[in-house]
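Asker:
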Amino acid sequence: MNKKYADTLRSRMDDDSFAKLDVLANDALFAFIADAVRLCAPESIKVCTDDPADQAHVRQLAIDNREELPLNIEGHTVHFDGYFDQGRDKQVTKYLLGKGISLDKNLNSMAREEGLRELHTLFAGSMAGRQMLVLFFCLGPTNSPFSIPCAQITDSAYVGHSEYMMYRSAYEHFKAMDPSEEFFRFLHTSGRLVDNVSADAEKKRIYIDIADNTVYSVNTQYAGNTMGLKKLALRLAIRKADREGWLAEHMFVMGVRGPRGRKTYFTGAFPSACGKTSTAMLPGETIIGDDLAYFRVIDGQVRAVNVECGIFGIIRDVNPEDDPLIHKVLTRPGEVIFGNVLVKDGAPYWEGMGRALPSEGINYTGQWYDGKVGPDGKETDASHKNARYTIRIADLDNRDEKLDDPLGVPVGGIIYGGRDSDTSVPVTESFDWAHGIITMGASLESETTAATLGAEGVRTFNLMSNLDFLAIPLGKYIRNNLHFADDLPQRPRIFGTNYFLRDDNGRYLNGMLDKSVWIKWMELRVHGDVEAIEAPTGLIPLYDDLKRLFAEVLRKDYSQEAYVKQFTIRIPENLSKLHRIENIYRHDVADTPAILFEVLSAQRERLEALMKTAGEYVSPFDL
Ligand code: SPV
Ligand code: MN
């Protein structure tokens, strides 16, 4: 190791850690670590490899420093984030832009120099008295065309422990790779702690330095803000994908069983807390991933991998009836981290678990009791709405056998879905690729949820459910999607779903499990096994096919009345949506591709033509 790094690093590391680092012979990595050490001034540094002993060290450290508390069941721990640190914080998540570089105004950004200066102050001496962990992980499977190696530095053993569960460990990958290969860097500190939680919420910052493939995160612990490989890496990956001609998406990947032993892989984009994990976990199907997917064309096929190998999932409403497989992992011995649930006598409790909750215990507010008012004057919940669990997908009975396949899986269909109470029917297939990308992906809206800080229930534009993470201009991102796999004879089919449609009285028109039927219908459509009805907004199912599928899949009768209510084309609402979306692309996006307006106009013309002959609300039987 070059002396200028060695002098900084050797004094704070034992010989073992130093040797582990030294063999990597990677100056870019050494520079990243040495700079972080000079800035953060940790008491010691531990270099962590793929060795189970290092994983055990990190896990034990999280317990010793009380970032995680052991629960009754062996292997289970709970972690709490601060009161003002219960979700991704979009306000303080910004791209740092060097001189002459600009991004879309939809993307939160600031001048790079100013941001780096601010970070310098916030990170200075932040790890005094603590151990700095240096960890190596991979986005996607290791040794795969999809792999992106990552170095994570953190003073939070909880973050390190979570990442060991969520990502493939990649020290050996670093050892084998060419040191000139690009890798992503993440520097995190929890900052000043009071009762083991980040105390300076007003100084929380998550800054993405796109010039340097580096993300800085400070004064926060919530995993969506701190685990570098999750949403922070997604931003860097979207830029890398743009440079290299592939796609980085906020999507699940799952296998869906068809007739005669057939399996078809689907990916799906849903904004946070809109049914993404529950779709990926549908009974009888298989899961590859629930949150992040990379797509590449390999040997003439669109293929996808799960970027992760764990789930950081919303725990609310996980119960033995609705999520039996997750519930099983959460209630038997094995490695599980609970986040921001209620704990009483060493047992975790959460809303919708299928049992009454105690009226007091320990939660994200500290000692909690029913009716407790938080520091912002609001009444607090026993378990936070965005409370989470962290598990390994390998521990789930429905894991797909191709979970770690370096070549991923072939994609048969892509689904876009949002939380929409009044506009779209439950399932629609697009007329073609461009129609799907534009009217389903690029037009995705969703009513906001507790997964991000801020008001809930507000209809917001969220193209491909990826808006929070876009790091390139929106128009460019849409073009990349439109042209992805352009030259292939066959591309995946594209579908739109809506699980949240309501009637005039505000009642949901579908049960939680109806999505099992929609997915079977989509599977059949991918193979041309069922016909569809042409609506102005796309292709929708025939009643007879759904009736048969409801009986086969859910053992339920499906009435014509239910079908008509759910699949009535709501023309005024669809026209309003087109108007909202066009407005955004006309006024707020600088480089919208012309084809987007053409496809939306054609959709408007179809809707208006139908309205003239059939009225504002048109039954699927009248199409
Ligand atoms: C989401 O909110 O989309 C999540 C959880 O998947 S987070 O890690 O917060 O991004
Ligand atoms: Mn997500």
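With our numbering, you'll find the sequence shown wraps up at 850, consecutive numbering, no jumps. We put the CB at the ideal spot given by N, CA and C, even for glycine.
(1) Just to confirm, are A520 and M481 a CB contact at a threshold of 8 Å?
(2) Beta-carbon separation of Q379 and G451 under 8 Å?
(3) Can you look up P637 in the DSSP assignment and give me helix, strand or coil?
(4) If we ignore side chains and look at the alpha-carbon of each, how far apart do G418 and L697 end up?
(5) Note down, in chain order, each residue of its chain lying with its Cβ closer than 8 Å to the Cβ of I525, except the 5 sequence neighbours on either side.
(6) Pull up the DSSP beta-bridge partners for P749, would you.
(7) Which complete beta strand (DSSP E) runs does the stretch 267-306 hold, if anything under 3 residues is left out?
(8) Specify, as a first and last residue, the run of the alpha helix (DSSP H) that G572 falls within.
(9) Work out the CA separation of S648 and S786 for me, nearest whole Å.
(10) Taking 8 Å as the threshold, find out whether the stretch 644-660 comes into contact with the stretch 814-822 through three or more Cβ pairs.
(11) Taking 7 Å as the cut-off, is the CB of D505 close to at least one heavy atom of the ligand MN?
(12) Is the CB-CB distance between V529 and E750 below 8 Å?
(13) I believe Y385 touches Q313 by the beta-carbon criterion, under 8 Å. Please report the beta-carbon distance rounded to the nearest angstrom.
(14) Is A464 near the ligand SPV, with its Cβ less than 7 Å from a heavy atom?
(15) At what residues does the alpha helix (DSSP H) containing W473 begin and finish?
(16) Please work out which residues of its chain come closer than 6 Å, Cβ to Cβ, to G502, disregarding the five sequence neighbours upstream and downstream, and give them in chain order.
(17) DSSP puts L521 in a beta bridge; with which residues?
(18) Counting along the chain, where does the alpha helix (DSSP H) carrying V791 start and finish?
(19) Have a look at the DSSP bridge pairing and note the partners of G537.
(20) Could you name the residues that DSSP lists as bridge partners for S505?
(21) Please identify the residue among G488, Y596, D517 and A661 whose C-alpha is closest to the C-alpha of T494.
(22) Please output, in chain order, the residues near the ligand MN using a CB cut-off of less than 6 Å to any non-hydrogen atom of the ligand.
(23) Look at the alpha carbon of R852 and the alpha carbon of E843, and state the distance between them as a whole number of angstroms.
(24) Taking three-plus beta-carbon pairs below 8 Å as touching, is the stretch 608-621 in contact with the stretch 470-480?
(25) Could you give the residue range of the beta strand (DSSP E) that holds S244?
(26) Would you list the one or two residues that DSSP bridges to V654?
(27) So what does DSSP say about F493, is it helix, strand or coil?
(28) Based on the DSSP secondary-structure assignment, which residues constitute the bridge partners of K321?
(29) Is there at least one non-hydrogen atom of the ligand SPV closer than 7 Å to the beta-carbon of R315?
(30) Is G668 a contact residue of the ligand SPV, with contact defined as CB to any heavy atom under 7 Å?
(31) Verify whether the separation of the beta carbon atoms of A426 and A355 is less than 8 Å.
(32) Over what stretch of residues does the beta strand (DSSP E) that includes S444 continue unbroken?
(33) For the stretch 351-409, list the beta strand (DSSP E) runs that are entirely contained and at least 3 residues long, ordered along the chain.
(34) Examine the ligand SPV and report whether any of its heavy atoms sits within less than 7 Å of the Cβ of G451.
(35) May I ask you to list the residues that DSSP assigns as paired with L420?
(36) When every heavy atom of the ligand SPV is checked, does at least one fall within less than 7 Å of the C-beta of K612?
Answerer: In brief:
(1) no
(2) no
(3) strand
(4) 27 Å
(5) P372, L634 and G635
(6) Per the sequence shown, residue 749 should be read as Met rather than Pro. DSSP lists no partner for M749.
(7) 271-274 and 303-306
(8) One point to set straight first is that residue 572 is Asp, not Gly, in the sequence displayed. That residue, D572, is in no alpha helix (DSSP H); it is neither H nor E in DSSP.
(9) 21 Å
(10) no
(11) This sequence places Ser at residue 505; Asp is not what is there. False, no ligand heavy atom lies under 7 Å from that Cβ.
(12) no
(13) With a Cβ gap of about 15 Å, Y385 and Q313 do not count as contacting.
(14) no
(15) From DSSP, W473 is part of no alpha helix (DSSP H); its letter is neither H nor E.
(16) Y726
(17) The residue you asked about is not Leu; residue 521 is Tyr in the sequence shown. For Y521, which the question treats as bridged, DSSP gives the partners A475 and V532.
(18) Q787 to F794
(19) R619
(20) Beta-bridge pairing links S505 to no other residue.
(21) D517
(22) H477, S499 and D518
(23) Limits of the chain in this structure are 228 at one end and 850 at the other, which puts residue 852 out of reach.
(24) no
(25) Per DSSP, S244 belongs to no beta strand (DSSP E); it is in the alpha helix (DSSP H), D242 to D249.
(26) T724
(27) strand
(28) Y434
(29) yes
(30) no
(31) no
(32) T441 to V445
(33) 358-366 and 375-381
(34) yes
(35) S425
(36) no
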